[in-house]
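Under the working numbering, the letters of the sequence shown match residues 3 to 692, in that order.
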Amino acid sequence: MKKLLFLVFTFTSINLFGQKVLFHDTFDSDKNQWALNSNNLVTNVEKGVLVMKNNDSQNAKWELLTVITNPDEVDYDVEASIRVTQSLAENAAYGLVWSCYNDYSDYRVVNMTPNKQVQVYQYSGKEFYYTKKWEEASYINGKNKYNKIFVKKRANILEIFINDKLVVKTGDYAYGGSKSGFILDAGMTIEIDELKVVEYPKHIDVIEGYDPNLVIEKIESISSKEYDEVNPVVAADGNTIYVAKKASPDNLGGVNDDDIWYATKDAKGNWSALKNIGKPLNNSSYNFVISVSPDHNTMVLANTYNADGSSKGSGLSVSNRTSNGWEVPKEIVIKDYQNKNQFVGYFQSSDNKVLLMTVERDSGFGFKDVFVSFIQEDGTWSAPLNLGSTINTFEEETNPFLAADGKTLYFSSRGHGGYGGYDLFVSKRLDDSWTNWSKPKNLGDIINSPSSDLAYYVSAKGDKAYISRGGDIYVLDNKVKQDPVVLIKGKVYDNKTKQILSAKIEYNNLKTNKNAGTAISNPKDGSYSIVLPYGQKYSFMGNKEGYYAVTENIDLTNLKEYQEMEVDLYLSPIEKGEVIRLNNIFFDSGKYDLLPDSYAELDKLYNILMNNSKMKIEISGHTDAVGSDVDNMNLSNNRANAVMQYLLKKGVNGNRLTAKGYGETKFIAPNDTEKGKQKNRRVEFVIVEL
3 MKKLLFLVFT FTSINLFGQK VLFHDTFDSD KNQWALNSNN LVTNVEKGVL
53 VMKNNDSQNA KWELLTVITN PDEVDYDVEA SIRVTQSLAE NAAYGLVWSC
103 YNDYSDYRVV NMTPNKQVQV YQYSGKEFYY TKKWEEASYI NGKNKYNKIF
153 VKKRANILEI FINDKLVVKT GDYAYGGSKS GFILDAGMTI EIDELKVVEY
203 PKHIDVIEGY DPNLVIEKIE SISSKEYDEV NPVVAADGNT IYVAKKASPD
253 NLGGVNDDDI WYATKDAKGN WSALKNIGKP LNNSSYNFVI SVSPDHNTMV
303 LANTYNADGS SKGSGLSVSN RTSNGWEVPK EIVIKDYQNK NQFVGYFQSS
353 DNKVLLMTVE RDSGFGFKDV FVSFIQEDGT WSAPLNLGST INTFEEETNP
403 FLAADGKTLY FSSRGHGGYG GYDLFVSKRL DDSWTNWSKP KNLGDIINSP
453 SSDLAYYVSA KGDKAYISRG GDIYVLDNKV KQDPVVLIKG KVYDNKTKQI
503 LSAKIEYNNL KTNKNAGTAI SNPKDGSYSI VLPYGQKYSF MGNKEGYYAV
553 TENIDLTNLK EYQEMEVDLY LSPIEKGEVI RLNNIFFDSG KYDLLPDSYA
603 ELDKLYNILM NNSKMKIEIS GHTDAVGSDV DNMNLSNNRA NAVMQYLLKK
653 GVNGNRLTAK GYGETKFIAP NDTEKGKQKN RRVEFVIVEL
């Protein structure tokens with residue numbers, strides 16, 4: 003195609019039920035001035051058809067008209083009926099051209115041949131990109147029979163039909179030109195029976211509360227001019243951010259790799275300069291963070307590592323913080339893992355129990371889909387489960403991020419209606435099946451652009467979001483309403499010596515007695531952080547061999563907004579004479595029947611007794627000063643006995659247990675405040691023998 007011929011005209015639009023017929027030519031006359039005889043291309047309007055004859059012996063020819071004035075702002079259909087009447091070769095091409103720019107630098111073509119082949123491509127930047135390479139197609143009519151071509155553009159979704167057969171469906175339609183027309187190879191004659199272009203209002207389903215004045219602010223202190231910073235991952239408290247810096251000479255592998263760098267926020271909200279996280283998380287390969295746990299002590303990383311910290315290959319790894327720094331990342335094992343795509347995206351949830359991934363599998367709906375996998379008792383992950391057709395489309399989904407509430411999912415997609423190639427969307431999980439989701443909403447045209455927008459990362463509070471754009475890191479106000487959570491921070495101590503301890507943190511749903519998540523405390527300073535979503539009652543504790551955890555509990559059934567709390571955890575050594583309080587034992591006021599919320603605590607005590615076969619304990623009940631001495635003594639005795647009866651029914655030998663009520667004889671706090679009274683109303687056990 004060496005020479006381009008064109009005519010430019012405008013046409014009167016016709017309003018028709020919210021749509022406009024921009025152009026419709028049935029070639030009953032040459033009202034649109036198609037007639038042309040120049041440079042070996044002859045076109046005429048004859049007897050209700052447009053006849054185009056290419057007399058050139060080598061070059062393809064075309065003729066185009068301006069038919070859409072604002073193609074990026076509207077949706078449209080282009081429809082044409084074409085047949086070939088003369089061709090020097092059975093594999094000569096002819097077809098429809100559309101979305102062509104005025105300077106002809108970018109356009110799209112659907113081509114056919116007399117011997118029933120089809121091809122679809124885009125020409126852009128002096129390169130050809132083939133959506134469909136030449137292939138035989140039985141639905142195409144041969145010489146002297148019309149073929150109906152129908153192009154349907156809705157947002158970024160482009161569908162191409164030939165004779166009502168879907169030929170191409172793609173979400174890679176970010177922008178377009180205004181010209182349409184016809185193309186034919188050398189020595190070919192074609193006839194066009196009709197050309198019609200219909201415009202529709204462009205509709206993209208954006209989030210509620212969309213703010214057209216949203217400001218996206220570059221974080222200057224971590225966005226260098228010389229190098230690209232990408233893949234921002236922010237910690238739950240919003241005070242630490244991890245990025246991948248590309249091709250910096252300060253990377254461990256120099257300009258040939260990506261390294262993990264991080265920055266922290268000071269009390270005034272200012273970010274520090276980036277620091278290289280160093281070995282063993284960085285090596286001479288491509289290193290970046292997938293997700294970081296709320297306690298900052300567990301990190302999921304892209305790719306895999308050898309025992310010496312060198313690069314092993316593709317995959318996924320996890321590293322825990324130790325007293326000597328980060329350990330060499332260990333490979334994450336996912337059962338029945340499969341990915342036919344060269345790319346992959348991952349995210350691990352705040353509770354460390356859910357792993358999201360975007361992979362291409364046989365059970366998918368299109369290319370890459372979002373799948374979910376769950377942690378197993380042996381530390382491996384379950385076979386991936388597809389999130390379903392509400393989230394996943396015929397096209398690619400990638401880079402999932404699950405907010406701290408465990409329900410709000412952000413992801414990038416080319417298959418949902420958007421402004422560009424990949425757009426960012428949000429959806430809410432509606433139940434625990436992980437396949438029931440609300441309809442995804444587009445985050446809007448301030449966040450999404452005509453190019454590809456790939457990742458969105460939000461702090462636990464949900465107020466700020468972080469994105470990478472053009473090799474820089476940006477922050478913005480997050481307008482998506484998430485379910486509230488509580489970020490609990492504290493330290494883990496030995497209850498007897500008050501020394502710092504490193505321990506595994508567990509939190510349970512008190513109602514179901516099921517584990518709701520895990521964390522670890524920092525081996526150096528004992529600090530931990532967990533995120534608890536609203537709507538449930540939780541118990542949480544530190545676990546360490548040789549200790550019994552004094553369990554804390556929190557009721558979040560009526561949580562209305564994000565909160566942060568400081569709660570230190572104490573572990574009591576399993577030693578003779580040690581008195582340990584059972585915090586999560588619940589009774590109705592004035593009664594001694596155990597409530598189901600108590601079972602998690604009692605099962606923990608049962609397990610301690612089973613693991614220490616010689617242990618004998620005394621279970622003691624205590625009250626505050628409200629009521630008579632006699633009533634309080636009876637109540638405390640009955641409550642202690644209720645605990646003992648539960649353990650006996652579980653199978654603990656009766657000679658290992660005694661129960662006694664002390665009423666109001668052993669106060670541990672004044673009774674003049676409700677907080678003091680609450681401390682005095684308690685059940686404890688003392689280790690009598692070990």
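Here a beta-carbon is modelled for each residue, glycine too, at the ideal position from N, C-alpha and C.
Problem set entry | Same chain, Cβ closer than 8 Å to residue 20, neighbours up to 5 away in sequence not counted | Sequence-distant partners of residue 20 (beyond 5 residues in either direction) whose C-beta falls short of 8 Å from its own C-beta, in its chain, are 202 and 203.
For this session: Apply the 10 Å Cβ neighbour rule to residue 251 and answer buried if 16 or more other Cβ atoms are within range, or exposed otherwise.
Result: With fewer than 16 other CB atoms across the displayed protein chains lying within 10 angstroms of its CB, residue 251 is exposed.
Exercise. Under 8 Å, do residue 1 and residue 409 count as touching if we go by C-beta distance?
Worked result: Outside the displayed range of the chain (3 to 692) lies residue 1, so it cannot be described from this structure.
Problem set entry | Same chain, Cβ closer than 8 Å to residue 682, five either side skipped, listed in chain order | Closer than 8 Å at Cβ, skipping near neighbours: 624, 625, 626, 627, 666, 669, 670, 671 and 673.
For this session: Just the C-alpha distance for residue 581 and residue 550, rounded to the nearest angstrom, thanks.
Result: So the alpha carbons of these two residues sit roughly 10 Å apart.
Exercise. Over what stretch of residues does the beta strand (DSSP E) that includes residue 621 continue unbroken?
Worked result: First-last of the beta strand (DSSP E) with residue 621: 618 to 624.
Problem set entry | Distance CB(residue 638)-CB(residue 663) smaller than 8 Å | Taking 8 Å as the Cβ cut-off, residue 638 and residue 663 qualify as a contacting pair.
Exercise. How would you write the range of the alpha helix (DSSP H) that residue 610 sits in, first residue to last?
Worked result: That run of the alpha helix (DSSP H) goes 601 to 613.
For this session: Spatial neighbours of residue 728 within its chain, please: CB distance less than 7 Å, with the 5 preceding and 5 following residues excluded, ordered by chain position.
Result: The chain is shown from 3 up to 692; residue 728 falls before or after that span and cannot be answered.
Exercise. Would residue 399 pass as a contact of residue 417 if the rule is Cβ separation under 8 Å?
Worked result: Against a cut-off of 8 Å, the Cβ pair of residue 417 and residue 399 comes out as a contact.
Problem set entry | Limits of the beta strand (DSSP E) - the one that residue 2 falls within | Lying before the first or after the last residue shown, residue 2 is absent from the chain, which here runs from 3 to 692.
Exercise. Residue 346 by DSSP, collapsed to three states: which one?
Worked result: Note: residue 346 maps to coil in three-state DSSP.
Exercise. Which value, in whole angstroms, describes the spacing of the CA atoms of residue 146 and residue 84?
Worked result: Each residue's CA atom was taken as its position, placing residue 146 and residue 84 some 9 Å apart.
For this session: Would you grab the beta carbon distance between residue 176 and residue 541 for me? Rounded to a whole angstrom, and I think it's under 8 Å.
Result: Here residue 176 is actually not in contact with residue 541; their C-beta atoms are around 50 Å apart, not less than 8 Å.
For this session: Over the uninterrupted beta strand (DSSP E) stretch that includes residue 401, give me the two end residues.
Result: Counting along the chain, the beta strand (DSSP E) containing residue 401 begins and ends at 399 to 404.
Exercise. Is residue 353 closer than 8 Å to residue 518 when the C-beta atoms are compared?
Worked result: Yes, Cβ-Cβ distance for residue 518 and residue 353 is below 8 Å.
Exercise. What's the C-alpha gap between residue 190 and residue 460?
Worked result: Pairing residue 190 with residue 460, the inter-Cα distance amounts to about 58 Å.
Exercise. For residue 685, which option in 430, 585 and 605 has the closest C-alpha, if you only look at C-alpha atoms?
Worked result: With distances taken between Cα atoms, residue 685 lies closest to 585.
Exercise. Using the C-alpha atoms, what's the distance from residue 87 back to residue 390?
Worked result: Looking at the two C-alpha atoms, the distance is approximately 47 Å.
Exercise. Are there 16 or more other CB atoms within 10 angstroms of the CB of residue 16, so buried, or fewer, so exposed?
Worked result: Caution is warranted here: a pLDDT of 45 is assigned to residue 16, below 50, making its placement in the model unreliable, and the coordinate value is therefore given only provisionally. Only exposed fits residue 16, as fewer than 16 other CB atoms lie within 10 angstroms of its CB.
Exercise. Taking all protein chains shown into account, do 16 or more other C-beta atoms lie within 10 angstroms of the C-beta of residue 646, making it buried, or fewer, making it exposed?
Worked result: Buried, by the Cβ-count rule.
Problem set entry | First through last residue of the alpha helix (DSSP H) which encompasses residue 676 | Residue 676 -> alpha helix (DSSP H) spans 676 to 682.
Problem set entry | First and last residue of the uninterrupted beta strand (DSSP E) at residue 508 | Looking at the DSSP string, the run of the beta strand (DSSP E) that includes residue 508 is 506 to 511.
Problem set entry | Paired residues, beta bridge with residue 363 - DSSP | Its beta-bridge partners do not exist; DSSP assigns none.
Exercise. Would you call the stretch 548 to 567 and the stretch 418 to 425 touching, i.e. three or more CB-CB distances under 8 Å?
Worked result: With a cut-off of 8 Å, the stretch 418 to 425 and the stretch 548 to 567 do not count as touching, because too few Cβ pairs lie within range.
For this session: Take every Cβ of the stretch 177 to 189, pair it with every Cβ of the stretch 93 to 113, and state whether three or more of those distances are shorter than 8 Å.
Result: Touching, per the Cβ criterion.
For this session: Please classify residue 325: does DSSP put it in a helix, a strand, or coil?
Result: Here residue 325 carries a coil assignment [DSSP, helix/strand/coil].
Problem set entry | residue 330 in three-state terms, based on DSSP | In the structure shown, the three-state DSSP call for residue 330 is coil.
For this session: For residue 692, name the three-state secondary structure that DSSP assigns.
Result: In the structure shown, residue 692 sits in coil (DSSP, three-state: anything other than H, G, I, E or B).
For this session: Confirm, please, whether the CB-CB distance from residue 319 to residue 306 is below 8 Å.
Result: Using a Cβ distance threshold of 8 Å, residue 306 and residue 319 count as a contacting pair.
Exercise. Hey, how far is the Cα of residue 514 from the Cα of residue 605?
Worked result: The straight-line gap from Cα to Cα measures roughly 13 Å.
Exercise. Relative to the C-alpha of residue 143, which residue among 166, 163 and 116 is closest?
Worked result: For residue 143, the closest C-alpha among the options 166, 163 and 116 is that of 116.
For this session: Check residue 537 in the structure and name its three-state DSSP category.
Result: Residue 537: coil per DSSP, three-state reduction.
Exercise. Measuring CA to CA, which of 474, 491 and 433 is closest to residue 570?
Worked result: Checking every option, the nearest Cα to that of residue 570 belongs to 491.
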